[in-house]
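Asker: Below is the structure I would like to discuss, written out as structure tokens.
Protein chains: 2
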Amino acid sequence: MHTLVLHEDPISGNCYKIRLTAALLALPIERRAYDIRKGETRTPEFLSTVSANGRIPVLQIDDRFLPESNAACHYLAHGSVLIPQDRFDQADMLRWMFWEQYNHEPNVATLRFWRAFIGEAALSDAQRDQLAGKQAAGEAALALMDEHLVGRHWFVGDLPSLADICLFAYTHVATEGGFDLTRYAALTDWLERVRALPDFVPLSD
Amino acid sequence: MHTLVLHEDPISGNCYKIRLTAALLALPIERRAYDIRKGETRTPEFLSTVSANGRIPVLQIDDRFLPESNAACHYLAHGSVLIPQDRFDQADMLRWMFWEQYNHEPNVATLRFWRAFIGEAALSDAQRDQLAGKQAAGEAALALMDEHLVGRHWFVGDLPSLADICLFAYTHVATEGGFDLTRYAALTDWLERVRALPDFVPLSD
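Sequence lines, in order, name chains A and B. Residues in the first sequence are numbered consecutively from 11, following my numbering. Residues in the second sequence are numbered consecutively from 11, following my numbering.
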């Protein structure tokens, strides 16, 4: 049995993905907190030991370090029911996870961080210039998820997978970023299905 | 044997990843070209049949469609030597692939598209405002790769994997985006190792 340590900021949805995956699989995981708003992941020590990329989450497995939230979830879920067995479904699960990092997180998660944790008044001009573009792109991402979920219970196949966990993390707190989830009926039903999974843990745990 | 069709724009590095993976694995793949600069991936027909996300590449496997370049590469490489067997190495390969989509592609690939295919004079104000930030983030991404490659032949373990293919695609044409690759010695050595792989095909093929 490996010792698992999650290097995280408790406010981060990317870190929460890993805690939720571990909880659903009943894997014990230690937590080590950093405050990204204080630059605690950009210290020389963090950069030389935990991750040269200066970001959390990083999953530590004994003395090895694995950055990138979705890769860490994939490590934890190896061989479990959270990764489909079918070759196409496996790749389709990864499709949603790559889509999350490219089309969803940079808009939905970034606006949440800017609006709920930095505050609009404290944004730089460069950040303020991006608000409208990120709002539109975030709404397009949520609408695409909603459309996909019409007539489906889960993103891939008939069972919950890492695609659902990784997309749940920032979607369920999208209102904190200024998104109106009541516009997306299939999406909000799916959020309730994720919350009802056995051993589910909330973000603020 | 499945029929594989790549829906692509031949200028796209994301599409090239899939062609390079298929070539290295000797998998025959048909190609169907769209011009993203003419909006050919945003037509009602494309959105309803190929991908609701309106982007290429999409890998068609018989009558099923798989968007997201890195997910398509993963499908093709299933069970091959391009995916390491070790559990940590598998996740570490995905780590680099997620990192590519989050930290590398939005900077290195976007600046190549803006500078080499749209042209700086034709950029919108919103795009122009992002040039400096994307230049700095792209340089940080290339420097991180270069540092990782010091003393290593490949990104993960001792053999080439999808991490190398997916990172090669936009790195080897980063000069078209205004990046100076001569600053990164370990990185340019690695580019030559990828080019020397048996059955390698170039982007402009």
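For glycine and all other residues, C-beta sits at the position ideal for the given N, C-alpha and C. As the structure is a prediction and not an experimental result, all values here were calculated from the model.
Go through its chain and collect everything with a Cβ distance to D19(A)'s Cβ below 7 Å, but skip five positions before and after it.
Answerer: So the qualifying residues of the chain are C25, A43, Y44, D45, I46 and I66.
Asker: DSSP state of V68(A), grouped into three classes?
Answerer: The answer is strand: DSSP assigns V68(A) an E or B state.
Asker: Could you say which of V15(A), K27(A) and L35(A) lies nearest to S214(A) if we only look at CA atoms?
Answerer: Taking only the C-alpha atoms, the option nearest S214(A) is K27(A).
Asker: Which runs of the alpha helix (DSSP H) at least 4 residues long sit entirely within the region 89–115 of chain B? Give them in chain order.
Answerer: Complete alpha helix (DSSP H) runs here, min 4: 97–109.
Asker: What is the DSSP secondary structure of H158(A), reduced to helix, strand or coil?
Answerer: Reduced to three states, the DSSP call for H158(A) is helix.
Asker: Pull up the DSSP beta-bridge partners for L75(A), would you.
Answerer: As written in the sequence, residue 75(A) is Phe, which differs from the Leu given in the question. DSSP lists Q70(A) as partners of F75(A).
Asker: Tell me which residues share the same chain as L159(A) and place their Cβ nearer than 7 Å to its Cβ, disregarding the 5 neighbours each side in the sequence.
Answerer: Cβ within range, chain order: A196, L197 and W200.
Asker: Enumerate in chain order the residues of its own chain whose CB-to-CB distance from L57(A) is below 8 Å, with the five nearest sequence positions on each side excluded.
Answerer: Taken in chain order, the residues that qualify are G64.
Asker: Buried or exposed, going by whether 16 or more other CB atoms sit within 10 Å of the CB of E130(A)?
Answerer: The residue is exposed, with fewer than 16 neighbouring Cβ atoms inside 10 Å.
Asker: Grab me the residues of A119(A)'s own chain with a C-beta within less than 7 Å of its C-beta, minus the 5 sequence neighbours each way, in chain order.
Answerer: Excluding residues within five positions, the ones whose Cβ falls inside 7 Å are G23 and Y180.
Asker: Looking only at its chain, what residues have a beta carbon closer than 6 Å to the beta carbon of I93(A), apart from the 5 residues adjacent to it on each side?
Answerer: Excluding positions up to five away in sequence, the list reads A87.
Asker: When we look at the beta-carbon of V60(A) and count the other beta-carbons within 10 Å, is it buried (16 or more) or exposed?
Answerer: Label assigned to V60(A): buried.
Asker: Does the region 29–38 of chain A come close enough to the region 174–190 of chain A that 3 or more CB-CB pairs lie under 8 Å?
Answerer: Output reads yes: the region 29–38 of chain A touches the region 174–190 of chain A.
Asker: For the candidate residues N113(A), P116(A), H84(A) and N117(A), whose alpha-carbon lies nearest to that of A101(A)?
Answerer: It is H84(A) whose Cα lies nearest to the Cα of A101(A).
Asker: Expressed to the nearest angstrom, what Euclidean distance is found between the alpha-carbon atoms of L207(A) and A146(A)?
Answerer: Their backbone Cα atoms lie some 31 Å apart in a straight line.
Asker: May I ask you to list, following chain order, the residues of the region 48–74 of chain B that have a beta carbon less than 8 Å from some beta carbon of chain A?
Answerer: Within the region 48–74 of chain B, the qualifying residues are A62, N63, I71 and R74.
Asker: Taking CB distances under 7 Å as the criterion, tell me whether D139(A) reaches chain B.
Answerer: It does: the Cβ of D139(A) has a partner Cβ on chain B nearer than 7 Å.
Asker: When the cut-off is 7 Å and only beta carbons count, does Y194(A) lie next to chain B?
Answerer: Not closer than 7 Å to any Cβ of chain B, the Cβ of Y194(A) fails to qualify, so no.
Asker: Based on the DSSP output, what are the partners of R41(B) in its beta bridges?
Answerer: Paired residue(s): L16(B).
Asker: Report the neighbours of D209(A) on chain B: residues whose CB is nearer than 7 Å to its CB, in chain order.
Answerer: Those do not exist, as D209(A) stays about 22 Å from chain B at its closest Cβ, beyond 7 Å.
Asker: Taking 8 Å as the limit between beta carbons, can you name the residues of its chain near S90(B), skipping five residues before and five after?
Answerer: For S90(B), where only same-chain residues beyond five positions count, the Cβ hits under 8 Å are L35.
Asker: Which bits of chain A does A101(B) rub up against, with CB to CB less than 8 Å?
Answerer: By Cβ distance, chain A contributes L76, A81, A82, H84, Y85 and H88.
Asker: Select from L133(B), D168(B) and Y194(B) the residue whose C-alpha is nearest the C-alpha of L152(B).
Answerer: Nearest of L133(B), D168(B) and Y194(B) to L152(B), Cα basis: Y194(B).
Asker: If we cut at 7 Å on Cβ distances, does W109(B) have a partner in chain A?
Answerer: Answer yes: the Cβ-Cβ gap between W109(B) and chain A drops below 7 Å somewhere.
Asker: What's the C-alpha gap between Y112(A) and A62(B)?
Answerer: Computed Cα separation, rounded: 15 Å.
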